[in-house]
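Protein chains in written order, with this note's numbering: chain A, 5 to 232; chain B, 44 to 447.
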């Protein structure tokens, strides 16, 4: 079942007054439960594509359908609602809220969903236990390693059972062993909870784990392959 | 959690927050100090006037206050006496004979207000007895006179010396009598001390040939806040031959000055408030710029703009609230001892005396103004956060996340 449909997508932005075509006419279907990696060299447009699918950026032309609805036509507030209820994000630089503990970071999006305090704490702790980071519950980001922070970021991204988790270069700042553990974790969530994962990465390790690999070059899909 | 987030954000950059808090605290202390001093000075001016001669309410024959001629005595003293005696809000009153005259010593003379009084009644409505610096407030003698220090100096007399009082009588003659200085008083008003003398009321009535007529009832109330109510009651009980005047009617310039001070205080508050707003705008803008990535992530997570806006507003509100509470506590800690001991402005003593204020000023805090300030300052901080919070929600999530 298609969860995302990208139609004739184009993105042009201005770089010092010079128009740059970051995405040039991409068409793409993503099904529920995919573990998709968008790869390609720097400047190929993979992060731009990921951000548009994640409703963080708007295309210059074309449409993106999320569960059949065109998200390019939605208002800021509707997009915010979509991101809160349906999407999870993992960033290269972890981007946890520095003044909150790991537990509070994970609870934060549940708080935005107005889930009662007790329930969200239970849910967050259960997930932390599942991900093996329960002992980090009361630590703040500056007291954790990069790998630990990224695990907390994964927990934050999946705690609300989003339809899709978008991960932008999630292993770029991690050593290969830690990156491997993290990918194991995400694969497990993908298999057990049927959460769709979309990565942008040029990390070989990430690409090797992909169920589907999409290679971008100069804003266009150069090659797409699937493996079962 | 929004409060928790805002609270922790305040303390992530302690130095910056402490600078803002410091400005709110200093602003609050300055306002409390200035307000206290200003109010204290005005209250003292008013209290000094009330306790030296004006009292809370005066009753005269209609027109006497504007034309203090000897013929304007109270037409029916018994009627006024009965009304005053039966008014439960009146604490004390003094019957007075008042006229203009000339006081002469062997070497000099001076125009004066002559107050004919019953000493035992007068001490209940004025502080003249406690202002005696030499001699006594009457010794019981028929020819006792009590005069101000400045006047005594001008006439070159001291206690026990003889002086002559002269004044017009109602039939156009000059009444005069010889007195012996029983006491010399010194109030905080040089004008009052230069121009006022007290003599026994019976002697005054004889000298002025006015039988047992009196000119003024000086009344002190149990609670001066009731002055308008009591004035209205007295007016309703007395007919239109009389004028009932409160200290507000008798001291219009002072009341006007107090109102004016009150208005200028609000200008001072506004200046302090504006300074605070600019301080908060600056700090909160810095806070927004320091946290652009974080704001982007919050947006990506799905936090609505309204909540991001509120987060910055809470931060400013908390800064304002903490600053106000600390400022209020420190302000009161400074105010409390000096409101008891007073602040000695003796180097400005002469200038203050010409305004009817003593050399020591006792700051007095207006409770209502303090409450208003305590409530307003956190909201002033909120006003200061509106623009930075607006800037925060105007960020594009994608630009904010990848902002370097």
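From the three backbone atoms N, C-alpha and C, an ideal C-beta is built for every residue, glycine too.
Contact annotation: in the region 64 to 76 of chain B, no residue has its CB less than 8 angstroms from a CB in chain A. Under DSSP, residue 52 of chain B takes part in no beta bridge, so it has no partner.
With the rule of 3 Cβ pairs closer than 8 angstroms, the region 116 to 136 of chain B does not count as touching the region 173 to 190 of chain B. Contacts with chain B (Cβ-Cβ distance below 8 angstroms) from the region 122 to 134 of chain A involve no residue at all. By the Cβ test, the region 221 to 236 of chain B is in contact with the region 84 to 95 of chain B, since at least three Cβ pairs between them sit closer than 8 angstroms. Short of 8 angstroms from the beta carbon of residue 306 of chain B, and not among the five residues preceding or following it, lies no beta carbon of its own chain. The C-alpha of residue 99 of chain A lies about 33 angstroms from the C-alpha of residue 423 of chain B. Taking the Cα of residue 137 of chain B as reference, the smallest distance to any Cα among B:130, B:411 and B:169 is reached at B:169. DSSP, reduced to helix, strand and coil, places residue 77 of chain B within a helical segment of the structure shown.
Residue state for residue 298 of chain B is assigned as helix, using DSSP reduced to three classes. In chain B, no part has a C-beta under 9 angstroms from the C-beta of residue 148 of chain A; the shortest such distance is about 16 angstroms. In this structure, DSSP gives residue 275 of chain B a helical state, which the three-state scheme calls helix. Counting the other CB atoms within 10 Å of its CB gives residue 62 of chain B a total below 16, which places it among the exposed residues.
The secondary-structure analysis by DSSP pairs residue 145 of chain B across a beta bridge with B:154 and B:209. DSSP places residue 229 of chain B outside both helix and strand once states are collapsed to three, so it counts as coil. The alpha-carbon separation between residue 334 of chain B and residue 445 of chain B amounts to approximately 12 angstroms. The count of Cβ pairs closer than 8 angstroms, one atom from the region 30 to 44 of chain A and one from the region 195 to 208 of chain A, reaches three, so the stretches are in contact.
Taking 7 angstroms as the cut-off, the Cβ atoms of residue 72 of chain B and residue 374 of chain B count as close. Under the rule that a run must span 4 or more residues, the alpha helix (DSSP H) segments found entirely inside the region 121 to 183 of chain A read 121 to 134 and 150 to 162.
Cβ-Cβ distances below 8 angstroms link residue 225 of chain B to 178, 179, 180, 181, 182, 184, 187, 188, 189 and 202 in the same chain, with the five nearest sequence neighbours on each side left out; the list follows chain order. The Cβ of residue 61 of chain A sits closer than 7 angstroms to at least one Cβ of chain B. Beyond the five residues adjoining it in sequence on each side, residue 48 of chain A comes within less than 6 angstroms, by CB distance, of 220 and 221 in the same chain, given in chain order. By the Cβ test, the region 206 to 219 of chain B is not in contact with the region 257 to 269 of chain B, since fewer than three Cβ pairs between them sit closer than 8 angstroms. Buried is the label assigned to residue 200 of chain A, since at least 16 other Cβ atoms lie within 10 Å of its Cβ. Looking at B:412, B:277, B:107 and B:294, the one whose alpha-carbon comes closest to that of residue 258 of chain B is B:107. The beta carbon of residue 170 of chain A sits closer than 6 angstroms to the beta carbons of 54, 58, 93 and 202 from its chain, once the five residues preceding and following it are set aside; these are given in chain order.
Rounded to the nearest angstrom, the gap between the Cα atoms of residue 281 of chain B and residue 196 of chain B is 43 angstroms.
Of all residues in the region 325 to 338 of chain B, those with a C-beta nearer than 7 angstroms to a C-beta of chain A are 336 and 337, reading in chain order. Of all residues in the region 47 to 61 of chain B, only 48, 51, 52 and 55 place a beta-carbon less than 7 angstroms from a beta-carbon of chain A. In this structure, the alpha-carbon of residue 287 of chain B lies about 14 angstroms from that of residue 116 of chain B.
Non-local beta-carbon contacts of residue 336 of chain B in its own chain, meaning distances under 7 angstroms to residues more than five positions away in sequence, involve 443, 444 and 446 in chain order. For residue 425 of chain B, the three-state secondary structure derived from DSSP is helix. Taking a beta-carbon distance threshold of 7 angstroms, residue 163 of chain A does not count as an interface residue toward chain B. For residue 103 of chain A, the C-beta contacts it makes with chain B under 7 angstroms involve 48, 51, 52 and 55, in order along the chain. Under the DSSP assignment, residue 391 of chain B falls outside any beta strand (DSSP E); it carries neither an H nor an E label.
Per DSSP, residue 254 of chain B has no beta bridge partner at all.
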